[in-house]
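A.B. asks: For reference, the structure I am asking about is given below.
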Amino acid sequence: MDDLEIKIAIEYTVPETKLSLNELLRGLDENGNLIMRKVLVQVLAALEKHAQAGYPSDRFIHNGHQSSPRHIQTPFGEVCYSMAQVIDRETRKTIQPLARYLQIPAYQRYSRDQMEAPLGQAVHLSYRLAAKETMRIRGQSPRKSTLWSWMQTLGTEQPWPSMKSMPFTFLMADGTDIKKQGAQGAAAGTMQMRWAWAAEKPGKPFQIVGFWVGKDWSEIRRDLEQRLDYSRLRMLFADGELGIPSALMTDQMQFQRCVWHGIRDFRFILYQDEIGGAAQTPLRKAMKANPLFYLKKADLEAFTPEDEAKVREKLTAIQKAFDGLLALLPEDTHPKSRHYVSNFMRSGVTAFEYWLTHKEWPPLTTNQAECGFSRVVNRIKRVGRRWSDQGLLNWLTMAIRKIFEPANWNRIWRSYSQLHKGLGLRALHVSYRWIPCIT
Numbered sequence: 008m009d010d011l012e013i014k015i016a017i018e019y020t021v022p023e024t025k026l027s028l029n030e031l032l033r034g035l036d037e038n039g040n041l042i043m044r045k046v047l048v049q050v051l052a053a054l055e056k057h058a059q060a061g062y063p064s065d066r067f068i069h070n071g072h073q074s075s076p077r078h079i080q081t082p083f084g085e086v087c088y089s090m091a092q093v094i095d096r097e098t099r100k101t102i103q104p105l106a107r108y109l110q111i112p113a114y115q116r117y118s119r120d121q122m123e124a125p126l127g128q129a130v131h132l133s134y135r136l137a138a139k140e141t142m143r144i145r146g147q148s149p150r151k152s153t154l155w156s157w158m159q160t161l162g163t164e165q166p167w168p169s170m171k172s173m174p175f176t177f178l179m180a181d182g183t184d185i186k187k188q189g190a191q192g193a194a195a196g197t198m199q200m201r202w203a204w205a206a207e208k209p210g211k212p213f214q215i216v217g218f219w220v221g222k223d224w225s226e227i228r229r230d231l232e233q234r235l236d237y238s239r240l241r242m243l244f245a246d247g248e249l250g251i252p253s254a255l256m257t258d259q260m261q262f263q264r265c266v267w268h269g270i271r272d273f274r275f276i277l278y279q280d281e282i283g284g285a286a287q288t289p290l291r292k293a294m295k296a297n298p299l300f301y302l303k304k305a306d307l308e309a310f311t312p313e314d315e316a317k318v319r320e321k322l323t324a325i326q327k328a329f330d331g332l333l334a335l336l337p338e339d340t341h342p343k344s345r346h347y348v349s350n351f352m353r354s355g356v357t358a359f360e361y362w363l364t365h366k367e368w369p370p371l372t373t374n375q376a377e378c379g380f381s382r383v384v385n386r387i388k389r390v391g392r393r394w395s396d397q398g399l400l401n402w403l404t405m406a407i408r409k410i411f412e413p414a415n416w417n418r419i420w421r422s423y424s425q426l427h428k429g430l431g432l433r434a435l436h437v438s439y440r441w442i443p444c445i446t
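Going by my numbering, the first residue of the sequence shown is number 8, and it counts up by one from there.
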C-alpha cells in the first residue's frame, strides 16, 4: 500500500504575558485528544476509500453511508463515523467495506485494546468500582455489565496449558470456602475453591499450576496428573485440610504440614476435647514454646553440610518440646488433641528430614505464595461476596495472570488485541509561523 499523508493545520491563541510552562503543557494535553480524533477520522476515510476498491461495481452497488454513525471508543475519546455501504447483487446483503477491512466487530463500542485498563482494575476492585475508577482516570469507561461480560469471554478462552516438560519436584495445595450465588443473585450456600502451586527445586519460587471450583481433591489429582509430570513430585505442602494428603500423595512423596496453620488450629482442636477458656492457657503456651515456630528462613539457609550436628540439635529440641506437650495431653482426657499433636510432630519436621538426606532445604517460600494468594481470596470474599461457579473460574483465570504472571498478562492482551501489524510512522514534520493579529 502507498504511504498515507495527512496534513494538519493548528492555530493557537497565545497570551502575550503570564503564560507558564504548566499552562502550556495542560493546553497541549487537553487538545491532544481532539487532534487525534480528527486524525483518526481522516485515516478511516482514507482506508475506506482503499477498501472500496475491492468491491467492483459489476457485482456491488454503492449504497451511501450508514444512517446512524458508528460510535467507537478510543484512547482519546469517542469517535463517530458513518461507514460507506455496498450491496452484494448476488446475496443482497449489505456490507461495510471498512468494517471488514479493519475487522471491526459488530455491536461492540469498545475495542479490545480499550478493555485492558478496566478489566485490570476489576481484578482488584468490584466491576462497579473498576468502571467508576476507569472513568475518573480516562474520562470514559464501559459499564459494569460490559466489564463482567468481557471477563467471562476472556476467562473461557485461557485454558491451563500442559506443564509436563517442567521438572516440578514440590507441590503445595490449599483451599477455602466461597459463598455461592444462585438464581437472581440469591445466596446458595458455599462451595470449595482450591488451588495448587509447584516448584522445580530448592531456591526456585512456587508458581501456580491450577485452581478449581466445586471439585474434590481426587478430581484435582486426575487433572494434575494429565498436565504435570506427577511422578517427579517428591514433597507435598498443605495446611492439614482433610483429604489433601490422601488424594494427592504418592509413595514417592513426603508430607510437610504448614507450621503456621498447625499452631493456629491447635486451639480449635482443644475445644473438641471440651477444653476452653483458662484451661487452654497452659497447653497453648506449651505449644508456642516449641522452637519450631521461631525458625527463620535466613537462619535455616545459613546451614551448610558441615553443620549437620547443629541441624540435628535443633530437630532434637523441637521433638523434645512436642514430647513435653504430649505429656500434658493424656489419651483418656485429651484424645483428639493428643492425636493432633502426634501427627503434627511427624509432618511438621519433614523439612528437617529432607535436609538431613539432601543437605539442602526444600523451598521455604510457601508463606510468600500464600500471602500473595491472600490478595485473591480477599477480593473474592470481601468484594465479590457471592459467585457463580463459572463466573468465579473466569475471574480467577484473569486475576492469576494479572497478579502472578504479569508477562503472561501482557502477552495475552497483545495477542487478544491482534497487535501484529503496527501503523508505521514514516515521517513527521512540525514547524511554526506567526499569524499577524488583525486589529
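Where a beta carbon is used, it is the ideal one built from N, C-alpha and C, also for glycine.
What's the gap between the Cα of Arg229 and the Cα of Met158?
C.D. replies: To locate residue 229, count along the sequence shown from 1; it is residue 222. To locate residue 158, count along the sequence shown from 1; it is residue 151. Distance between the alpha carbons of Arg229 and Met158 is about 27 Å.
A.B. asks: What does DSSP give as the partner residue(s) for Gln188 in the beta ladder?
C.D. replies: Translated into positions along the sequence shown, residue 188 becomes position 181. DSSP, once it has assigned bridges, lists Ala194 as partnering Gln188.
A.B. asks: Restricting to Cα atoms, I'd like to know which of Pro174, Glu338 and Arg44 is closest to Val216.
C.D. replies: Taking the sequence shown and counting its residues from 1, one reaches residue 216 at position 209. Comparing Cα positions, the closest option is Pro174.
A.B. asks: Would you mind reading off the limits of the beta strand (DSSP E) that contains Val216?
C.D. replies: Reading the sequence shown from its first residue, position 209 is the one you call residue 216. Gln214 to Val220 is the extent of the beta strand (DSSP E) around Val216.
A.B. asks: Can you give, in chain order, each stretch of the beta strand (DSSP E) that sits fully within the segment 270 to 330 and has at least 3 residues?
C.D. replies: For the segment 270 to 330, not a single whole beta strand (DSSP E) run of length 3 or above is found.
A.B. asks: By the DSSP assignment, the beta strand (DSSP E) with Val93 in it spans what residues?
C.D. replies: Here the question's residue 93 lines up with position 86 in the sequence shown. Ala91 to Asp95 is the extent of the beta strand (DSSP E) around Val93.
A.B. asks: Quick one: residues in its chain with C-beta nearer than 6 Å to the C-beta of Ile68, no 5 flanking neighbours on either side, listed in chain order?
C.D. replies: Position 61 of the sequence shown, counted from the start, is the residue given in the question as residue 68. For Ile68, where only same-chain residues beyond five positions count, the Cβ hits under 6 Å are Ile94.
A.B. asks: Mind pulling the alpha helix (DSSP H) runs of 4 or more residues that sit fully within the segment 82 to 133?
C.D. replies: Taking only runs of at least 4 residues, the alpha helix (DSSP H) segments lying wholly in the segment 82 to 133 are 104 to 108 and 123 to 131.
A.B. asks: Have a look at Ala254 and Arg319 and give me their C-alpha separation to the nearest angstrom.
C.D. replies: Working through the sequence shown from its first residue, we reach residue 254 at position 247. Working through the sequence shown from its first residue, we reach residue 319 at position 312. Roughly 31 Å separates the two Cα atoms.
A.B. asks: So, are the CB atoms of Pro252 and Phe262 less than 8 Å apart?
C.D. replies: The residue you call residue 252 lines up with position 245 of the sequence shown. The residue you call residue 262 lines up with position 255 of the sequence shown. Going by C-beta atoms, Pro252 is nearer than 8 Å to Phe262.
A.B. asks: Express the C-alpha separation of Leu363 and Thr311 in angstroms, rounding to a whole number.
C.D. replies: In the sequence shown, the residue the question calls residue 311 occupies position 304. In the sequence shown, the residue the question calls residue 363 occupies position 356. Between Thr311 and Leu363, the C-alpha separation is close to 11 Å.
A.B. asks: Does the beta-carbon of Asp330 have 16 or more other beta-carbons within 10 angstroms, so that it is buried, or is it exposed?
C.D. replies: Taking the sequence shown and counting its residues from 1, one reaches residue 330 at position 323. Looking at its Cβ environment, which holds fewer than 16 other Cβ atoms inside 10 Å, Asp330 is exposed.
A.B. asks: From His72 to Ala53, what distance separates their C-alpha atoms?
C.D. replies: Counted from its first residue, the sequence shown places residue 72 at position 65. Counted from its first residue, the sequence shown places residue 53 at position 46. Taking the straight line joining both Cα atoms gives about 15 Å.
A.B. asks: Answer with buried or exposed for Pro76, where buried requires no fewer than 16 other C-beta atoms within 10 angstroms of its C-beta.
C.D. replies: Indexing the sequence shown from 1 puts residue 76 at position 69. Classification for Pro76: exposed.
A.B. asks: Note down the Cα distance separating Leu435 from Arg44, rounded to an integer number of angstroms.
C.D. replies: If you number the sequence shown from 1, residue 435 lands on position 428. If you number the sequence shown from 1, residue 44 lands on position 37. Cα to Cα, the separation comes out at about 18 Å.
A.B. asks: Quick one: using the 10 Å Cβ neighbour count with 16 as the cut-off for buried, is Tyr134 buried or exposed?
C.D. replies: Translated into positions along the sequence shown, residue 134 becomes position 127. Result: buried.
A.B. asks: Can you tell which of Ile276, Lys327 and Ala406 has its C-alpha closest to the C-alpha of Ala129?
C.D. replies: As a first step, residue 129 is located in the sequence shown; it is residue number 122 there, counting from the start. Per the Cα distances, Ala406.
A.B. asks: Which of the three DSSP states, helix, strand or coil, is assigned to Asp181?
C.D. replies: Start at 1 with the first residue of the sequence shown, and residue 181 comes out as number 174. Strand, per DSSP.
A.B. asks: What first and last residue would you give for the beta strand (DSSP E) that runs through Asp71?
C.D. replies: Along the sequence shown, one-based indexing puts residue 71 at 64. The sequence shown places Gly at residue 71, not Asp. Its beta strand (DSSP E) spans residues Phe67 to His72.
A.B. asks: Does DSSP put Met200 in a helix, in a strand, or in coil?
C.D. replies: For the purposes of this step, residue 200 is taken as the residue at position 193 of the sequence shown. Note: Met200 maps to strand in three-state DSSP.
A.B. asks: Pick out the complete alpha helix (DSSP H) segments inside the segment 374 to 445, 4 residues or longer, and give them in chain order.
C.D. replies: Counting only runs of 4 or more, we get 396 to 411 and 413 to 423.
A.B. asks: Kindly indicate which residue of Asn415, Ala58 and Ala358 has the alpha-carbon position closest to the one of Ala91.
C.D. replies: In the sequence shown, residue 91 corresponds to position 84, counting from 1. For Ala91, the nearest C-alpha among the options comes from Ala58.
A.B. asks: What's the C-alpha gap between His268 and Arg274?
C.D. replies: Here residue 268 refers to the residue found at position 261 of the sequence shown. Here residue 274 refers to the residue found at position 267 of the sequence shown. Between His268 and Arg274, the C-alpha separation is close to 11 Å.
A.B. asks: Applying the 10 Å Cβ sphere with the 16-neighbour rule, what's the burial state of Tyr117?
C.D. replies: Along the sequence shown, one-based indexing puts residue 117 at 110. By the 10 Å Cβ count, Tyr117 comes out buried.
A.B. asks: Report the rounded CA-to-CA distance for Asn454 versus Ile325, giving the unit in angstroms.
C.D. replies: Given that the chain is displayed from residue 8 to residue 446, the structure contains no residue 454 and the question cannot be resolved.
A.B. asks: Please return the same chain residues whose Cβ sits closer than 6 Å to the Cβ of Trp219, not counting the five positions on each side in sequence.
C.D. replies: Residue mapping note: residue 219 aligns to position 212 of the sequence shown, counting from 1. Within the same chain, Trp219 has close Cβ partners Arg201 and Ile227.
A.B. asks: Quick check on Ile227: does DSSP put it in helix, strand or coil?
C.D. replies: Here residue 227 refers to the residue found at position 220 when the sequence shown is read from its first residue. Helix at Ile227.
A.B. asks: For Glu400, which residues from the same chain have a beta carbon less than 6 Å from its beta carbon, with the 5 sequence-adjacent residues on both sides left out?
C.D. replies: Along the sequence shown, one-based indexing puts residue 400 at 393. Going by the sequence as given, residue 400 is Leu instead of Glu. Cβ within range, chain order: Val220.
A.B. asks: So which of Glu12, Leu51, Met122 and Arg96 has the shortest CA-CA distance to Asn417?
C.D. replies: As a first step, residue 417 must be located in the sequence shown, where it is residue number 410. Nearest option by C-alpha distance: Met122.
A.B. asks: DSSP three-state call for His365: helix, strand or coil?
C.D. replies: Residue numbering aside, residue 365 sits at position 358 when the sequence shown is read from its first letter. In the structure shown, His365 sits in a helix (DSSP, three-state: H, G or I).
A.B. asks: On the three-state DSSP scale, how would you describe Ala205?
C.D. replies: Reading the sequence shown from its first residue, position 198 is the one you call residue 205. Here Ala205 sits in strand by DSSP.
A.B. asks: Under a Cβ-count criterion, where at least 16 other Cβ atoms within 10 Å of its own Cβ denotes burial, should Tyr439 be classed as buried or exposed?
C.D. replies: For the purposes of this step, residue 439 is identified with residue 432 of the sequence shown, where counting begins at 1. When all chains shown are included, Tyr439 counts as exposed.
A.B. asks: Going by C-alpha to C-alpha distance, which of Leu371, Phe351 and Val384 sits closest to Gly247?
C.D. replies: Residue numbering aside, residue 247 sits at position 240 when the sequence shown is read from its first letter. Minimum Cα distance to Gly247 is reached at Phe351.
A.B. asks: Could you give the distance in angstroms between the alpha-carbon of Pro369 and the alpha-carbon of Leu105?
C.D. replies: Indexing the sequence shown from 1 puts residue 369 at position 362. Indexing the sequence shown from 1 puts residue 105 at position 98. Distance between the alpha carbons of Pro369 and Leu105: 59 Å.
A.B. asks: Suppose you measure from the CA of Asp339 to the CA of Ala328; what does that come to, to the nearest Å?
C.D. replies: On the sequence shown, residue 339 is found 332 positions in, with the first residue counted as 1. On the sequence shown, residue 328 is found 321 positions in, with the first residue counted as 1. Roughly 21 Å separates the two Cα atoms.
A.B. asks: Assuming Ala193 contacts Lys186 under a Cβ cut-off of 8 Å, what Cβ separation, rounded to an integer in Å, is found between them?
C.D. replies: The sequence position of residue 193 within the sequence shown is 186, counting from 1. The sequence position of residue 186 within the sequence shown is 179, counting from 1. Wrong, their Cβ atoms sit about 11 Å apart, outside the cutoff.
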